[in-house]
Each structure stands twice: as structure tokens, then as C-alpha cells.
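Residues 1 to 571 (UniProt numbering) make up the sequence shown, in order.
First up is the structure itself, then whatever we jot down about it.
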Amino acid sequence: MINTYSKGTKYIVTIIGESSKIMSITFSKELMMNKYQQKLLNTIRSQLDNWLNSDEQIPHLELYRFIHSLAGTASTIGLTSLGNIAASLHHILTENEERKWTTKDVQIFLLPLLSALYNEELKSENLQVAETNSDVEQELIMLIDDDTTLLMFLKDELEKDGYSVMAYADPERALASFYDLNPDCVVIDVHMKSQHGLQVLNSLKELMQKSYVPTIMISVDSSKETRVQSYSGGADDFILKPFDLEEFKIRLGNQLQKKRSIDELVLVDELTRLYNRRFLAGAFERLMNQMSRENVAFSIAILDLDHFKNINDTYGHPAGDKVLMEFANIMRQQMRPSDLVFRYGGEEFLILLPKTDGKTAKQVLERILSELHRTEFISEDSAFRVSFSAGVMEIRESNDLQIVLDLVDGALYEAKAAGRKNVKLAAFSDILPRKKVLNIGVVDDDPIIRTILQDLFKKSQLNEQFQLEMKAFKDGMEFIESGWYKKKAEPYFMILDGMMPKMDGLEVLQKIRGFENQNQFTVVMLTSRKGEQDVARALKLGADDYLTKPFKLLELESRLTHLVKRMSEWK
1 MINTYSKGTK YIVTIIGESS KIMSITFSKE LMMNKYQQKL LNTIRSQLDN
51 WLNSDEQIPH LELYRFIHSL AGTASTIGLT SLGNIAASLH HILTENEERK
101 WTTKDVQIFL LPLLSALYNE ELKSENLQVA ETNSDVEQEL IMLIDDDTTL
151 LMFLKDELEK DGYSVMAYAD PERALASFYD LNPDCVVIDV HMKSQHGLQV
201 LNSLKELMQK SYVPTIMISV DSSKETRVQS YSGGADDFIL KPFDLEEFKI
251 RLGNQLQKKR SIDELVLVDE LTRLYNRRFL AGAFERLMNQ MSRENVAFSI
301 AILDLDHFKN INDTYGHPAG DKVLMEFANI MRQQMRPSDL VFRYGGEEFL
351 ILLPKTDGKT AKQVLERILS ELHRTEFISE DSAFRVSFSA GVMEIRESND
401 LQIVLDLVDG ALYEAKAAGR KNVKLAAFSD ILPRKKVLNI GVVDDDPIIR
451 TILQDLFKKS QLNEQFQLEM KAFKDGMEFI ESGWYKKKAE PYFMILDGMM
501 PKMDGLEVLQ KIRGFENQNQ FTVVMLTSRK GEQDVARALK LGADDYLTKP
551 FKLLELESRL THLVKRMSEW K
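Right under this line is the structure:
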């Protein structure tokens, strides 16, 4: 005979056997409840997986009974949030409705339930993740070390402190990503198998030209020769391994503070000697005030060098820098002393032309375009020419800077769409702001994760800056066979699950890095907490970032938003 009764926070179970011997076993209520909660979560997931992975329509009565049962059970065993959502969905449904649901309809209807289920699964994993605010600009640290264990440790620890961290086991990939990421600090291991850290430092200094990005060398070699070579190569600090983590963070923070102080003082781009973006808002406001006082228009233009990424990829970043410097010289020669020229982004420039109408400004830009295209650039034995596309707008009334920039950027988009190498004149009445396209691919065999991630991106802040084109795939083979990745010239942001049937995420990553257009892809891997070896391999294969499952959706959105925004500033 078994008797059970409750006492405080415990269940006491009394078992009386044939020999009348009494045995009492005490269980924690929390332990018992967790057992039932986990069982229900598994049941819910199993049912949802079946529905979302099926091509067959779902009978209405089957869906109704599932929601009805869940609404009654979930709250009873402590899954209150899940129960409340199920109850709300239950009120929407009627039992005797004659209908069959498609997989897409079920996805949309059950989305609140899918999100609640995912959150409950996080709780069952006792996941504690520091949440970050995606509205706050995170400083980006680039780590370069072929010791993937240390790489993962430092990445995790620095991200806990609110930094955005990009970790690279392959020095060549780190160097190729430097321009796009525009990091705030670089940490380099001196002794790596594929390339010596001092060589990486030297290559970075060539890429940086005159821009200031602090570099920290780390090494097990404390010899005077290594330290002297590091400092003479341009390193800002040298830290001996093994090191104390707290001290490492302090020294890293000191370098970042130094960079912040320098950046706040500098209003001129070091490479081109043009004004940088920090000077733009004040200059625009002064022209607006002048326009109001004197009732005379001014013009604003955004210029973007055509196919500039191809120049860097084909001839190298030093050749690209020469193009930027020469283009800056041409603009200075062709413009009046009162005109203001800014380096607006990586290959984007902005011009303010006081007391200039739109038609005249367009003629000025076309003259600059003609002069630039006549210029022949030489790289080793190859010669090439460069052009730009531009949008220009006349300002005759008071306007917000951001609205104006959006409209001029829309005109630039029109110029590129018209075949590049031309100038488009914009007006408030004839053009709407255009957003850059960002292709987002989710490859994951979990239909709940796929659905939640797609919804996350639909509601993301990224929609304010980009036109998001999303596509989800249930496994790697479906992604490869789709050919989706071949059809677009815009960048791709891929989220790959590590473990999938048919073709796992690592195989997909390897194939992506073999694509001719692989430089268009930024890849984030999703891995399990026990998948350190998979993370190490992913980093060596060229993953740009990784996230450990289970993760909080806010953390994923924040990480991706910061990474995409950072890269888009220089693309």
C-alpha cells in the first residue's frame, strides 16, 4: 500500500509492504514538479515537431484538443506562462469548426506558444545569460589565436562584460575581416602555427595605415627579443601567458579608453585627410542656419565607389587605400574651398555644397566622376580604373539630417540600380528612402527554432536599417540544393545549427567557405554547451561567431544586431 501526503515543501510517501514493514521516502515538491513539467514540455515539443515538420494539413479538432489539454494542465503543474497563453489561444478556437490547418497557419497561430515553450525550456536548463542592450554601442574586440580553448574562454569572459567579441583561429581570415569589422582593439597571440603573430601585427599595421586601433600581443615567450619586436612592430601592450584574467581586462580597458579619448578629439579621417562623420552634424546645422538667414539653397551628396570590395579582393587592401586617397585628392582639386567633403564610411563619401542648387551640384559630381574615371591605377603589373555612383539633393527648407540622409541614400540606390557610374538627383516628392538588402538564412532542423528566429528578425531593429530577405531551411542539404545563395549580390547573414541530419552545420560552413562569393557570407554557428570541439572546428573553418545552445533570444538579437550594424558602417 502507498500513501502520499504533503508537508510544507515536501511530499512524504509511505510504503507498507507484505511484512507490514513501513518505509517512508521524502521527496522535494520542486523535484516532483520539475519531473512533471519536463514530461509535459517533452510532450508539447514532440507534438509541435510533428506538425511543423509535416506537409499534411492538420484537422481542426486535433489542434483544439491539444490546446484545450494544455490550457488545463500547464498552469496546474507550475508552467503558468505557458498555461496562460494556451488559455488565450483556447478562447479563440471553437470546438466544432470545420477546418484543416496548413503548417504555415499553425506556425503563425502558435507563435506565442512556441516562444513560451522555448523560454520554459531555457528555465529547465537553468540558463543564466547576461542580457545586453542592443541600443548601446558595444566596443568590438578582435581575438586572434590558434589556441581555440583560450579563444573561447576569453570570448565568453569578455562578452560577460558587455563587449562584442570576434574570435579567429585563422589569422588570414582575421586580416580579411578587419576592414569590415573595424574593431576597437585587436589581441594577437605571438606564436601560432599558420602565421607568426608578429607577421599578423605587421599586416594589421599596413591595413590600419594612419587609423588608430590598439593592439595587444600575448605570448608564453617572455624574452626581451620577443617583447622588443612586438613594441617596435607597433604593439600597444604585451601580456605574458598565463595571465590573470582581471589584470588582462584592466589592461584591455585602458587601451580602449585611450582609443575613445583619441577618437573624441579627431575630426579628420587619418587615411584620406577628409572630415569624418563626427564633424557632419555641426556642419549640416550651420548650413541650415545660413539657408534660413539668407534664403539660399545648399546641396548634399553621397558618393559610393563602385565595386570597391572587388578592388580589395583582387589587388589587396593597400591598393584599395591608394584609391581612397587619390579619390580624396581629386575631390579636393575639383571643389571650392567652401565645400565640405567627408569620409562617410568605408568607400562612401559625403559632400556639402553651400549656396549650390541641385542641378549645379549634379554637374559638379559628374565632373568629378569624369576625372576619377580618367585616372589609371597601377597595382603590380595590373592597371584598373574606378568609378562611383552618387545621390544628390537640394535643400531649400529646414529638415532633419537623418531624413535627408535617407532620401539621398535612396537616390544613391537608384543610381546603382541604373547601372552605376552615374549621378541621381533626388527630391522629396519623387523618391522614397531605400534600404540596403540583407539576406538572412536560418538552417536548423528544429522547426520551433526556425519559426522563432524568423519572427525575431521580423520584429528586429534591423528592419529600420535594412530590407530583410529571410529564408529558412530544415537541414544543410536543403540549403545547398536550393541555390538560394547564388542569386543575390547583397550580403548574407547565415545562422547554422551545428547538429543536423543529412548535412550538419560544419559541413555547410565548409561548403560556404568554398563558394566563389564566400566573402558575402557572415556565418554564426549554434552549438551545444558540450560542443567545445565543434566550436573549435567551426572557428578554424571560418565561422564569424558562435552562440551556445540553449540561448536567450534577446542575447542572439543583440549579438547579431551589433555585428550587422558594425559591418554595414564600412560596406
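Beta carbons are placed, not taken as given, at the ideal position from N, Cα and C, and that holds for glycine.
- Query: Okay, do the segment 159-172 and the segment 497-515 touch, 3+ Cβ pairs below 8 Å being the bar?
  - Reply: no
- Inspect the beta-carbon positions of Gly320 and Phe308 and report whether they are closer than 8 Å. yes
- Nearest CA to the CA of Val213: which residue from Asp244, Asp221, Ser261 and Phe243? The residue among Asp244, Asp221, Ser261 and Phe243 with its C-alpha nearest the C-alpha of Val213 is Ser261.
- Task: Quick one: residues in its chain with C-beta nearer than 7 Å to the C-beta of Asn202, no 5 flanking neighbours on either side, listed in chain order?
- Result: Gly233
- Query: Is it buried or exposed for Glu120, if we count other Cβ within 10 angstroms and need 16 for buried?
  - Reply: That one is buried.
- Between which two residues does the alpha helix (DSSP H) containing Phe248 stretch? Leu245 to Leu265
- How would you call Pro491, buried or exposed, if buried means at least 16 neighbouring beta carbons within 10 angstroms? buried
- Per-residue DSSP class, three states only, for Tyr163: coil
- Query: So, is Lys362 buried or exposed, given that buried needs 16 or more other C-beta atoms within 10 angstroms?
  - Reply: buried
- Message: Distance check for Leu93 and Ser75, CA to CA, integer angstroms please.
- Response: 19 Å
- By the 10 Å Cβ neighbour count, where 16 or more other Cβ atoms means buried, how is Pro447 classified, buried or exposed? buried
- Can you tell me whether Gly282 is buried or exposed, with buried defined as 16 or more other CB within 10 angstroms of its CB? exposed
- Message: Quick check on this structure: which residue in Tyr485, Lys486, Gln518 and Leu526 has the alpha carbon closest to the alpha carbon of Gly505?
- Response: Leu526
- Message: Let me confirm a value: Asn517 is counted as buried when at least 16 other C-beta atoms fall within 10 Å, else exposed. Which label applies?
- Response: By the neighbour-count rule (16 or more Cβ atoms within 10 Å), Asn517 is not buried but exposed.
- Between which two residues does the alpha helix (DSSP H) harbouring Glu62 extend? His60 to Thr73
- Where the beta strand (DSSP E) through Met470 begins and ends: Phe466 to Phe473
- Using the DSSP secondary-structure output, state which residues sit across from Met192 in a beta bridge. According to DSSP, Met192 bridges with nothing at all.
- Item | Same chain, Cβ closer than 6 Å to Asp135, neighbours up to 5 away in sequence not counted | Bear in mind that a pLDDT of 47 at Asp135, under 50, signals an unreliable position, so the number given afterwards is only what the model happens to contain. Excluding sequence neighbours, Asp135 sits near nothing in its chain.
- Nearest to Leu324 (by Cα), restricted to the options Arg336, Gln334 and Gly345: Gly345
- Task: State buried or exposed for Val535, treating a residue as buried only when at least 16 other CB atoms are found within 10 Å of its CB.
- Result: buried
- Go through its chain and collect everything with a Cβ distance to Ala417's Cβ below 7 Å, but skip five positions before and after it. none
- Query: What are the residues that DSSP puts in a beta bridge with Gln304?
  - Reply: In the sequence as displayed, the identity of residue 304 is Asp instead of Gln. Looking at the DSSP assignment, Asp304 forms a beta bridge with Glu348 and Ser389.
- Query: Which term fits Arg559, buried or exposed, when burial requires 16 or more other beta carbons within 10 angstroms of its beta carbon?
  - Reply: Taking all protein chains shown into account, Arg559 has 16 or more neighbouring C-beta atoms within 10 Å of its C-beta and is therefore buried.
- Within the same chain, show all residues whose beta-carbon is closer than 7 Å to that of Thr102, passing over the 5 residues directly before and after it, in chain order. Closer than 7 Å at the Cβ level, and outside the excluded window around Thr102, lie Gln57.
- Message: Measuring straight from C-alpha to C-alpha, what distance separates Glu366 and Val423?
- Response: Taking the straight line joining both Cα atoms gives about 7 Å.
- Is the CB-CB distance between Glu97 and His68 below 8 Å? No; because the gap between Cβ atoms is not below 8 Å, this pair is not in contact.
- Task: Under 6 Å Cβ to Cβ from Leu453, same chain only, skipping five residues before and after it: list those, please.
- Result: In its chain, beyond the 5 residues on either side, Val442 have a beta carbon closer than 6 Å to the beta carbon of Leu453.
- Message: Closest to Leu40 by C-alpha separation, out of Trp51, Thr80 and Phe342, would be which residue?
- Response: The residue from Trp51, Thr80 and Phe342 with its alpha-carbon nearest to that of Leu40 is Thr80.
- Task: Within its chain, find whatever has a CB closer than 6 Å to the CB of Leu240; leave out the 5 residues flanking it on each side and keep chain order.
- Result: Ser222
- Task: With distances taken Cα to Cα, identify the nearest neighbour of Glu172 among Ile144, Lys486, Glu394 and Glu157.
- Result: Ile144
- Query: Given that a residue counts as buried once 16 or more other Cβ atoms are within 10 Å of its Cβ, and exposed if not, what is Ala411?
  - Reply: buried
- Kindly provide the ranges of any beta strand (DSSP E) runs that are 3 or more residues long and lie completely inside the UniProt domain "Response regulatory" (439-564), ordered along the chain. 466-473, 492-497, 521-528 and 545-549
- Message: On the criterion of 16 or more Cβ atoms from any shown chain inside 10 Å, does Asp313 qualify as buried, or is it exposed?
- Response: Its Cβ having fewer than 16 others within 10 Å, Asp313 is exposed.
- Message: Taking the straight line between their C-alpha atoms, what separation do you get for Lys35 and Ile44?
- Response: 14 Å
- Item | Rounded C-alpha distance that separates Met393 from Val408 | 6 Å
- Task: Note down, in chain order, each residue of its chain lying with its Cβ closer than 8 Å to the Cβ of Ile480, except the 5 sequence neighbours on either side.
- Result: Met503, Val508 and Lys511
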